[in-house]
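Only one structure is covered here, and it is reproduced in the block below.
In our numbering, the protein residues as written are 1196 to 1596.
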């Protein structure tokens, strides 16, 4: 190959990863929009909503301590085996456990429900694996289990024996999560070349960000995480990030900014997780100002995201938004509040809480997308965890999100 052509290709690749050789005069991630004054919800209102959410979760808990079940009446995404439903159950139950721990409701009923759920998770994880050669939905379970186990290790009363058990489980989940990492550095939930290992898929930015934040939680808990795993993941997320700090759906070697899902209204939910993940790992582009700008988009332009709420078909809304992004995006925005300049945090907590309180259903739940029969549980858990971070001062001391 011509030497000049090689240099041109190398320069283009560097520009895609770094956003160009020279910084633009104005950071394209920043926007002029600001939050409008609101009458914020009271702290009592937020706590009442949290309590109603926890009451809903207690009522919906299965006899074995888990949450969610397989329901084939609406099949709108593509699990390929019964094992994939175990992935949904493990991820959902992990989120519900974390929500109950952080809500810290000390009634006998709540504490008994939490104990049953923790027992289920500790018994499940030693045998929890990827089930299908062409799908990696198990990644969601590994990621959320790691974060929940880290919270259990930090906040729950544990004997020395149980602490050792939890640490072993976190280390094993980190190992399994690393096995599922794509050869390109990210994580995805389909693998159409099952005969190759590691998986040959481009990954998605939001699952990659979710996995990275789980690995960060493991590190904060004192568990060894391979540095090569983190660095490859950061490289993948950089490939998925546009100069305005929006993240594409799929991570591609040649980004496609022209597709509507990559425009800010289509990317605003997953970009909360993407920018937070890059920030906690010290990426120089994912600054508090960038996090604030994308959080502002989420709050000011929330209508675009809410148009997909409670739809049964994914990606059918404007900007190819799927309903399942709604509480996911708000959850990671709430986790990012602690990384904002301190003077801004109260305002963003108030705005986020006001939106979430307006979305709570009469039975106390939150849900955004019909996902077999896991949606009300994971949606409620994410909303409760978000509201915990909307309390003044923050309801959870969670510097890593």
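Glycine is no exception: its CB is placed at the ideal position from the N, C-alpha and C atoms.
Could you give the first and the last residue of the continuous alpha helix (DSSP H) run that contains residue i?
| i | result |
| --- | --- |
| residue 1400 | 1400–1415 |
| residue 1542 | 1537–1554 |
| residue 1327 | Segment: none, residue 1327 is in no alpha helix (DSSP H) and carries neither H nor E. |
| residue 1291 | 1277–1298 |
| residue 1357 | 1355–1374 |
| residue 1246 | 1238–1255 |
| residue 1350 | 1333–1350 |
| residue 1570 | 1570–1583 |
| residue 1474 | 1459–1475 |
In three-state terms, what does DSSP make of residue i?
| i | result |
| --- | --- |
| residue 1306 | helix |
| residue 1514 | helix |
| residue 1484 | helix |
| residue 1523 | helix |
| residue 1216 | With a pLDDT of 44 at residue 1216, under the threshold of 50, the modelled position of this residue cannot be trusted; read the value that follows with caution. Residue state, collapsed to three classes: coil. |
| residue 1454 | coil |
| residue 1445 | strand |
| residue 1436 | strand |
| residue 1382 | strand |
| residue 1505 | coil |
| residue 1557 | coil |
| residue 1231 | coil |
| residue 1588 | coil |
For residue i, which residues of its own chain have a beta-carbon under 8 Å away from its beta-carbon, when the five flanking residues on both sides are left out?
| i | result |
| --- | --- |
| residue 1230 | 1491, 1494, 1495, 1542, 1543, 1546 |
| residue 1226 | 1488, 1491, 1492 |
| residue 1360 | 1317 |
Cβ of residue i within 8 Å of Cβ of residue j?
| i | j | result |
| --- | --- | --- |
| residue 1520 | residue 1428 | no |
| residue 1296 | residue 1346 | yes |
| residue 1407 | residue 1312 | no |
| residue 1583 | residue 1245 | yes |
| residue 1420 | residue 1413 | yes |
| residue 1324 | residue 1290 | no |
| residue 1399 | residue 1445 | yes |
| residue 1308 | residue 1253 | yes |
| residue 1284 | residue 1569 | yes |
| residue 1369 | residue 1341 | yes |
| residue 1388 | residue 1343 | no |
| residue 1500 | residue 1515 | no |
| residue 1505 | residue 1558 | no |
| residue 1375 | residue 1397 | no |
| residue 1314 | residue 1260 | yes |
| residue 1364 | residue 1416 | no |
| residue 1322 | residue 1373 | no |
| residue 1228 | residue 1439 | no |
| residue 1513 | residue 1460 | yes |
Which residues in the same chain have their Cβ closer than 7 Å to the Cβ of residue i, if we skip the five residues on either side of it in sequence?
| i | result |
| --- | --- |
| residue 1457 | 1437, 1441, 1443, 1451 |
| residue 1282 | 1332, 1333, 1335, 1336 |
| residue 1298 | 1245, 1249, 1579, 1583 |
| residue 1526 | 1577, 1580, 1581 |
| residue 1585 | 1241, 1529, 1544, 1547, 1548 |
| residue 1487 | 1535, 1539 |
| residue 1351 | 1296 |
| residue 1338 | 1372, 1405, 1406, 1409 |
Please work out which residues of its chain come closer than 6 Å, Cβ to Cβ, to residue i, disregarding the five sequence neighbours upstream and downstream, and give them in chain order.
| i | result |
| --- | --- |
| residue 1560 | 1251, 1571, 1575 |
| residue 1170 | Because the chain spans 1196 through 1596 in this model, residue 1170 falls outside it and cannot be assessed. |
| residue 1366 | 1418 |
| residue 1300 | 1249 |
| residue 1435 | 1400, 1442, 1443, 1446 |
Would you please verify whether the beta carbon of residue i is less than 8 Å from any beta carbon of chain B?
| i | result |
| --- | --- |
| residue 1575 | Of the protein chains in this structure there is only one, and it is not chain B. |
### Message
I'd like to know if the region 1397–1404 and the region 1349–1356 are in contact, where contact means that at least 3 CB-CB pairs between them fall below 8 Å.
### Response
With a cut-off of 8 Å on Cβ pairs, the region 1397–1404 is not in contact with the region 1349–1356, counting fewer than three such pairs.
### Query
Counting Cβ pairs closer than 8 Å, one from the region 1550–1561 and one from the region 1478–1490, do we hit at least three?
Contact annotation: the region 1550–1561 does not touch the region 1478–1490, with fewer than three C-beta pairs closer than 8 Å.
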